[in-house]
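K.L.:
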Amino acid sequence: MIINVTSYDPWKKVRAEVCFGNVEPSVQLQAITSHAVSIHGALPEYVAFGLTEALPALSAGISYDKIANNKPLMDLHKLNEKLIRLNHLTPLESIQFNFLVSGISKACGAQLSRHRIGQGHVSLSRRYTQQKPEFVYPMLDSVTDPEQVKPIYGVFSAGIQDAYERYQQLRCPVIGVQKADARYLIPVATSTSRHWWINARALRDFFRLRLQPTAESEIRRLAGMLYNAAIAITPSLFKDIGLTSEHNDKVA
Ligand SMILES: Cc1cc2nc3c(=O)[nH]c(=O)nc-3n(C[C@H](O)[C@H](O)[C@H](O)COP(=O)(O)OP(=O)(O)OC[C@H]3O[C@@H](n4cnc5c(N)ncnc54)[C@H](O)[C@@H]3O)c2cc1C
144 MIINVTSYDP
154 WKKVRAEVCF
164 GNVEPSVQLQ
174 AITSHAVSIH
184 GALPEYVAFG
194 LTEALPALSA
204 GISYDKIANN
214 KPLMDLHKLN
224 EKLIRLNHLT
234 PLESIQFNFL
244 VSGISKACGA
254 QLSRHRIGQG
264 HVSLSRRYTQ
274 QKPEFVYPML
284 DSVTDPEQVK
294 PIYGVFSAGI
304 QDAYERYQQL
314 RCPVIGVQKA
324 DARYLIPVAT
334 STSRHWWINA
344 RALRDFFRLR
354 LQPTAESEIR
364 RLAGMLYNAA
374 IAITPSLFKD
384 IGLTSEHNDK
394 VA
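FYI, the numbering for the sequence shown is 144 to 395, going by this note's numbering.
1) Pick out the complete beta strand (DSSP E) segments inside the segment 315–371, 3 residues or longer, and give them in chain order.
2) Is it buried or exposed, R353, if we count other Cβ atoms within 10 angstroms and call 16 or more buried?
3) On the criterion of 16 or more Cβ atoms from any shown chain inside 10 Å, does Y307 qualify as buried, or is it exposed?
4) Going by C-alpha to C-alpha distance, which of F240, S266 and W154 sits closest to S336?
5) With DSSP run on the structure shown, which of helix, strand or coil describes Q239?
6) Can you tell me which of the three DSSP states H220 falls into?
7) For ligand 1, I want to know if I247 counts as a neighbour, meaning its beta carbon is within less than 7 angstroms of at least one of the ligand's heavy atoms.
8) Is Q175 helix, strand or coil when you go by DSSP?
9) I303 and P330 - do their beta-carbons sit closer together than 8 angstroms?
10) Rounded to the nearest angstrom, how far is the Cβ of I374 from that of I175, given a contact under 8 angstroms?
11) Can you check DSSP and say which residues form a bridge with Q273?
12) Assign Y280 to one of two classes, buried (16 or more other C-beta atoms within 10 Å of its C-beta) or exposed (fewer than that).
13) For a quick check, are the C-beta atoms of F350 and I384 less than 8 angstroms apart?
14) Below 8 angstroms between beta carbons: does that hold for L226 and L219?
15) Can you tell me which of T195, K155 and G193 puts its alpha carbon nearest to the alpha carbon of V286?
16) Contact defined as beta carbons within less than 8 angstroms: I believe W339 pairs with V244. What is the distance between those atoms, to the nearest angstrom?
17) Who does H231 pair with in a DSSP beta bridge?
18) Taking the straight line between their C-alpha atoms, what separation do you get for K221 and N241?
19) In three-state terms, what does DSSP make of F381?
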């Protein structure tokens with residue numbers, strides 16, 4: 144059974160209505176480590192996700208001087224689960240996920256960058272690209288009153304639009320401030336994107352920290368989206384994390 148993680152995000156429609164340049168996050172799994180040789184009779188150029196998922200178990204097999212290629216995939220996936228239970232986690236480093244993460248705030252990007260081990264990224268640069276009217280607003284998931292939420296988003300929206308318009312003013316040919324300098328005016332709400340690659344072991348660690356109810360809302364929502372993308376193709380590596388209900392919020 145695949146467990147989908149959902150985040151409590153009650154005011155998404157209000158953001159779309161009220162907020163200047165509102166952008167919502169997106170996650171795309173662009174690549175994942177795959178076999179370069181044929182196993183189980185599969186053609187080298189056709190690599191199913193099931194075979195990728197078996198990589199940790201296949202790697203671990205060498206401990207016993209065994210090549211496990213002749214085992215059914217299901218057994219290899221079970222061996223993955225056993226490795227996780229035993230905390231024998233190095234074989235999980237043999238799979239790397241490459242995500243394109245878009246529509247996150249600079250604040251969320253800064254939190255993501257705090258994770259250092261088994262991963263790397265390249266980010267959009269506002270030194271080289273013009274600021275666009277694209278901003279990420281807080282989820283305000285602690286606000287319960289629908290009457291309150293619109294005016295709050297209104298204040299955010301007005302401040303962000305003002306900053307954006309002043310940026311445009313600085314960038315106009317008459318004043319001609321460089322992008323690298325003008326960006327100092329832009330709030331952390333600015334939408335950014337990154338190519339982010341991370342191995343399966345580090346990704347489990349990221350989920351352990353960022354799917355918790357104590358994690359900040361935006362990165363927790365992102366962690367949920369990443370989790371759903373990862374578990375869809377390599378369930379045996381992640382399902383124990385999603386099985387704990389504390390990671391799941393009620394849907395608004
Ligand atoms: C709820 C929450 C609140 C937070 N609040 C703040 C905050 O207020 N301020 C703030 O600055 N940060 C904050 N952080 C960030 C946090 O301190 C970590 O920097 C971040 O979660 C990355 O975790 P990590 O170091 O385990 O990850 P990674 O850097 O990916 O490291 C993975 C693991 O490798 C090992 N490791 C990595 N580097 C070393 C090392 N130098 N020495 C020994 N072992 C190492 C550790 O076992 C570590 O868990 C917060 C994080 C969370 C989840």
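Quick reminder that beta carbons are idealized off the backbone N, C-alpha and C, glycines included.
P.N.:
Looking at the coordinates:
1) DSSP assignment within the segment 315–371 yields the following whole beta strand (DSSP E) runs of 3 residues or more, N-terminal first: 334–342.
2) For this step, residue 353 is matched to residue 210 along the sequence shown. Around the beta-carbon of R353, 16 or more other beta-carbon atoms lie within 10 Å, marking it buried.
3) As a working mapping, residue 307 is identified with position 164 in the sequence shown. Buried is the call here.
4) Position 193 of the sequence shown, counted from the start, is the residue given in the question as residue 336. Distance from the Cα of S336 is smallest, within the candidate group F240, S266 and W154, for S266.
5) Here the question's residue 239 lines up with position 96 in the sequence shown. The answer is strand: DSSP assigns Q239 an E or B state.
6) Looking up residue 220 in the sequence shown gives position 77. Reduced to three states, the DSSP call for H220 is helix.
7) Taking the sequence shown and counting its residues from 1, one reaches residue 247 at position 104. Because no heavy atom of ligand 1 lies under 7 angstroms away, the Cβ of I247 does not count as near it: no.
8) For this step, residue 175 is matched to residue 32 along the sequence shown. Residue identity check: residue 175 is Ile in the sequence provided, not Gln. The answer is strand: DSSP assigns I175 an E or B state.
9) Against the sequence shown, residue 330 aligns to sequence position 187. Against the sequence shown, residue 303 aligns to sequence position 160. Yes, the Cβ-Cβ distance between P330 and I303 is below 8 angstroms.
10) Within the sequence shown, the letter at position 231 stands for residue 374. Within the sequence shown, the letter at position 32 stands for residue 175. Rounded, the Cβ-Cβ distance is 13 angstroms, inconsistent with contact.
11) Numbered from its first residue, the sequence shown carries residue 273 at position 130. Checking the DSSP bridge columns, you'll see Q273 has no partner listed.
12) Here the question's residue 280 lines up with position 137 in the sequence shown. Here Y280 is buried, its C-beta having at least 16 other C-beta atoms within 10 Å.
13) Along the sequence shown, one-based indexing puts residue 350 at 207. Along the sequence shown, one-based indexing puts residue 384 at 241. The answer is yes: Cβ separation under 8 angstroms.
14) Numbered from its first residue, the sequence shown carries residue 226 at position 83. Numbered from its first residue, the sequence shown carries residue 219 at position 76. Judged by their CB atoms, L226 and L219 are not nearer to each other than the 8 angstroms cut-off.
15) Your numbering for residue 286 matches position 143 in the sequence shown. Nearest option by C-alpha distance: K155.
16) Here residue 339 refers to the residue found at position 196 of the sequence shown. Here residue 244 refers to the residue found at position 101 of the sequence shown. That pair is a contact at about 5 angstroms.
17) Position 88 of the sequence shown holds residue 231. H231 pairs with nothing; no bridge assigned.
18) Position 78 of the sequence shown, counted from the first residue, corresponds to residue 221. Position 98 of the sequence shown, counted from the first residue, corresponds to residue 241. Per the coordinates, the alpha-carbon of K221 lies some 24 angstroms from the alpha-carbon of N241.
19) Taking the sequence shown and counting its residues from 1, one reaches residue 381 at position 238. Three-state result, F381: helix.
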